[in-house]
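Heads up: the sequence shown at position 118 corresponds to 118 in the UniProt record's numbering, and the numbers run straight through without jumps.
Comments concern the structure below.
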Amino acid sequence: MSKKGGADAFYVVRKGDLIGIYKTLKDCQAQAGSSVHSPSVSVYKGHGLAEEAEEHLKSHGLKNASYTISAADLKNDIFGELVPCPFQQPASTRGASLNKALPTKRSVEALQWDHKQAVGPTSALINHQSKHLKLNDGTASQPASSNCSSCSLEFDGASKGNPGPAGAGAILRADDGSSVWRLREGVGIATNNVAEYRALIMGLRQALQKGFKKIQVRGDSMLVCMQIQGKWKLKNQNMADLCQVAKELKDRFTTFQIDHVRREFNSEADAQANLAIALKDGQVEGECGQQ
């Protein structure tokens, strides 16, 4: 992206906990809020945004978005009625109804991103009666079943080439048998161990978002299970970072147990992980049903 002269300039805007990158100072000035309650805005100028920085920004944020907002600040029904829209769904014909031809499998790619509390107060909830995806503020802290606060999680990762195209899969079950969530996430080019950790993290986040307090985890990765228990050392910084994220999520449960199982007893999570290989890095899909 580097260019000669001043054409390579970019501006970093910090507004509260949000950080945005802009190409002109005029765009930066437009970010100042008119309300006395608006957070303060700071602007910094740089030159020659490195490719590594661009990749980091794309993997952790949204590129060319009209607006961005923290999940914690999202108000209920601020966008009106929304419907699921998978990443790879073709653009609809102008004037076509959004309510037509909805997929039978409910996409959960709108799962909320991680922030200070690891799981924000806002979550994307699937309404099976109305076939509409609604952003609900506050109810994420409630258990999926009002009488069930415990669940089980099966996780698995898959990588073709190791490293190669990778995917993460997880099966989350309410212990009262009321619901089961089948989840999968694209991991991009990664090793199998990275995919295993991504699967565990995805499952733990979802369990917390559903309001579960007690969890029993099972996976066929001896490495991940032993490292989470603190029995094996971490020799790779990337793995150490992933393990730290998983442990922070683990500590938010009142009861946590993780056990290693043989591969043949982890086939459902394995199936989701293999499906996830076809997804883009960070793209999450899943279905919710009864056990």
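Every residue gets a Cβ at the ideal spot worked out from N, C-alpha and C, and that includes glycine.
Using the beta-carbon count (16 or more within 10 Å), is K26 buried or exposed? exposed
Sub-9 angstroms separation of E196 and S221 beta-carbons: yes
Cutoff 6 angstroms; reference residue 375; Cβ partners in own chain excluding five residues on either side: The displayed coordinates of the chain run from 1 to 291. Any statement about residue 375 would go beyond what the structure contains.
Is the Cβ-Cβ distance between S178 and Q290 less than 9 angstroms? yes
Can you tell me whether S97 is buried or exposed, with buried defined as 16 or more other CB within 10 angstroms of its CB? Here S97 scores only 37 on pLDDT, less than 50, and its place in the model should not be relied on; the value that follows carries that caveat. Exposed, by the Cβ-count rule.
Apart from the five residues just before and just after A273, which ones in its own chain have a Cβ nearer than 8 angstroms to its Cβ? D156, G157, A158, G167, A168, G169, R184, A195 and A199
How many Å lie between A250 and N193 at the Cα? A small fix is needed here, since residue 250 is Lys in this sequence, not Ala. Going by the C-alpha atoms only, they are around 18 angstroms apart.
Going by C-alpha to C-alpha distance, which of Q216, A50 and A9 sits closest to R173? Q216
What first and last residue would you give for the alpha helix (DSSP H) that runs through C225? M222 to I228
Rounded C-alpha distance that separates L204 from N266: 17 angstroms
Checking 9 angstroms against the spacing of the C-beta atoms, do I21 and F10 come in under that value? yes
How is the beta strand (DSSP E) around V194 delimited, first residue to last? No beta strand (DSSP E) holds V194; the alpha helix (DSSP H) holding it covers N192 to Q209.
Anyone know if the C-beta pair for V245 and I189 falls short of 9 angstroms? no
If you follow the beta strand (DSSP E) that D27 is in, where does it begin and where does it stop? Looking at the DSSP string, D27 is not in any beta strand (DSSP E); the run it does join, the alpha helix (DSSP H), is L25 to Q29.
Per DSSP, which residues does D156 bridge with? Please list them. G169
Quick one: what's got a C-beta closer than 7 angstroms to F253's C-beta in the same chain, skipping five residues either side? K213, K214 and I215
Distance cut-off 8 angstroms: G203 Cβ against heavy atoms of the ligand NAP: Of the ligands one can find in the structure shown there are none, so the ligand NAP has no counterpart to examine.
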